[in-house]
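In what follows, a single structure is set out as structure tokens and then discussed.
Number of protein chains: 2
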Amino acid sequence: MSTTAAKNVNIGEAAKRSGVNAKLIRHYESIGIVPKAGRSDSGYRTYSEADIHILSFVKRSRNLGFSMKEIKKLVGLWRNKSRASSDVKSLAVKHIEDMEQKISELEAMVQTLRHLAKTCHGDGRPDCPILNDLGN
Amino acid sequence: MSTTAAKNVNIGEAAKRSGVNAKLIRHYESIGIVPKAGRSDSGYRTYSEADIHILSFVKRSRNLGFSMKEIKKLVGLWRNKSRASSDVKSLAVKHIEDMEQKISELEAMVQTLRHLAKTCHGDGRPDCPILNDLGN
DNA sequence: TGTGCAGCTTCCAGCAATTGGAAGGTCAAA
DNA sequence: TTTGACCTTCCAATTGCTGGAAGCTGCACA
Numbered sequence: 067m068s069t070t071a072a073k074n075v076n077i078g079e080a081a082k083r084s085g086v087n088a089k090l091i092r093h094y095e096s097i098g099i100v101p102k103a104g105r106s107d108s109g110y111r112t113y114s115e116a117d118i119h120i121l122s123f124v125k126r127s128r129n130l131g132f133s134m135k136e137i138k139k140l141v142g143l144w145r146n147k148s149r150a151s152s153d154v155k156s157l158a159v160k161h162i163e164d165m166e167q168k169i170s171e172l173e174a175m176v177q178t179l180r181h182l183a184k185t186c187h188g189d190g191r192p193d194c195p196i197l198n199d200l201g202n
Numbered sequence: 067m068s069t070t071a072a073k074n075v076n077i078g079e080a081a082k083r084s085g086v087n088a089k090l091i092r093h094y095e096s097i098g099i100v101p102k103a104g105r106s107d108s109g110y111r112t113y114s115e116a117d118i119h120i121l122s123f124v125k126r127s128r129n130l131g132f133s134m135k136e137i138k139k140l141v142g143l144w145r146n147k148s149r150a151s152s153d154v155k156s157l158a159v160k161h162i163e164d165m166e167q168k169i170s171e172l173e174a175m176v177q178t179l180r181h182l183a184k185t186c187h188g189d190g191r192p193d194c195p196i197l198n199d200l201g202n
């Protein structure tokens, strides 16, 4: 009745609570990642606890490196009580594979560069094997 | 005199030889990564061996994950005979550090996601711990 | 009651680093 | 001559934001 009444907040507060800044919240709304916020009489966006929860969900998913496209799917699955866990799992597994692929690419790059850097004396002299190698 | 004469080529051939496609070569020129190509009477861009070499250099640097900004610097250093090797080395070392940072972030993400995925049965049932965890 | 400022609104523009397309000129072979 | 491959420029889209400008609203303070 009173204490449990909806205490909707403005975008700034929603930003603070979800960890997603206001600019980005509007952006997410505009590209359909999060549902359209309600509006006050004067046109301000209003956010419920549930809305803020979705924003946090998006934030956390981003932190885990999901693309916006994937997150759009995840948010849909999350809001849909009848979704199958297999959908979620396959998305996650695919994503793990992508990240592992990226990690090994980066490791190969580091390997090569470290080798190049080791052969470069790194003083004031003009000749540097890094550049020579890059040129081949 | 004759056999060593400059045999400049069009952008398509330069693309083939450098591994950088024509569209991208024009783009690199427009943003000043590579020097402006010469032009034939009819306005076609022409590329010498040296030009192609620069393009290959850019390609290889990109493969090693350097940003365009860094590559711009590298190309400058490469074309400048009097540069100091310390400039090159510090650029490379900084880049290695950046990549290593990225690798550990990715590894942390994979770790987390792998954990989440393990706890998800991945069948037709609607409840999935991945989504539950993401929501917190 | 004003006034001042924080906070909200929209829209527009740009960042990296490409990629794609449209509309048109050129070159060489058939 | 005509086809077709190649070249030219310019403009737009992509992904995931971030920033600014111009203009409301809301609220405290004098």
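So the protein sequences, as listed, match chains R and H.
Using the working numbering, you'd call the opening residue of the first sequence number 67 and step up by one each time.
Using the working numbering, you'd call the opening residue of the second sequence number 67 and step up by one each time.
Virtual Cβ for every residue (Gly too), placed ideally from N, Cα, C.
Beta-bridge pairing of residue i - partner residues as DSSP gives them
i: residue 105/H; result: 111/H
Interface partners of residue i on chain R, CB under 7 angstroms
i: residue 187/H; result: 151
i: residue 178/H; result: 130
i: residue 161/H; result: 179
i: residue 136/H; result: Going along chain R, no residue has its Cβ under 7 angstroms from residue 136/H, so there is no contact; the nearest lies around 11 angstroms.
Contact check, residue i vs residue j, beta carbons under 9 angstroms
i: residue 156/R; j: residue 192/H; result: no
i: residue 118/H; j: residue 80/H; result: yes
i: residue 182/H; j: residue 195/H; result: yes
i: residue 197/R; j: residue 154/H; result: yes
i: residue 112/H; j: residue 141/H; result: no
i: residue 77/H; j: residue 116/H; result: no
i: residue 200/R; j: residue 144/H; result: yes
i: residue 134/R; j: residue 97/R; result: yes
i: residue 125/H; j: residue 84/H; result: yes
i: residue 169/R; j: residue 99/H; result: no
Boundaries of the alpha helix (DSSP H) in which residue i is found, first to last residue
i: residue 78/R; result: 77 to 84
i: residue 153/H; result: 151 to 184
i: residue 193/H; result: Segment: none, residue 193/H is in no alpha helix (DSSP H) and carries neither H nor E.
i: residue 141/R; result: 134 to 145
i: residue 96/H; result: 88 to 96
Partners in chain H for residue i, counting only beta-carbon separations shorter than 7 angstroms
i: residue 173/R; result: 169
i: residue 166/R; result: 176
Chain-ordered neighbours of residue i on chain R, where CB pairs are closer than 9 angstroms
i: residue 197/H; result: 123, 140, 143, 144, 149, 151 and 154
i: residue 192/H; result: 146, 147, 148, 149, 150 and 151
Partner residues on chain H for residue i, Cβ-Cβ distance less than 8 angstroms
i: residue 182/R; result: 158
Any non-hydrogen atom of the ligand COA within 8 angstroms of residue i CB
i: residue 180/R; result: The model depicted lacks the ligand COA and carries no ligand whatsoever.
Under 9 angstroms from the C-beta of residue i: neighbouring residues of chain H
i: residue 117/R; result: By Cβ distance, chain H contributes nothing, its closest Cβ being about 13 angstroms from residue 117/R, past 9 angstroms.
Contact set between residue i and chain R, taken where Cβ atoms lie within less than 8 angstroms
i: residue 127/H; result: 200
- If you pair each beta-carbon of the stretch 169 to 178 of chain R with each one of the stretch 127 to 141 of chain H, do three or more pairs fall below 8 angstroms? Between the stretch 169 to 178 of chain R and the stretch 127 to 141 of chain H there are three or more inter-stretch CB-CB distances shorter than 8 angstroms, so the stretches are counted as touching.
- Item | the stretch 104 to 124 of chain H contacting the stretch 80 to 96 of chain H, beta-carbon criterion three pairs below 8 angstroms | Yes: the two stretches touch, three or more of their Cβ pairs being nearer than 8 angstroms.
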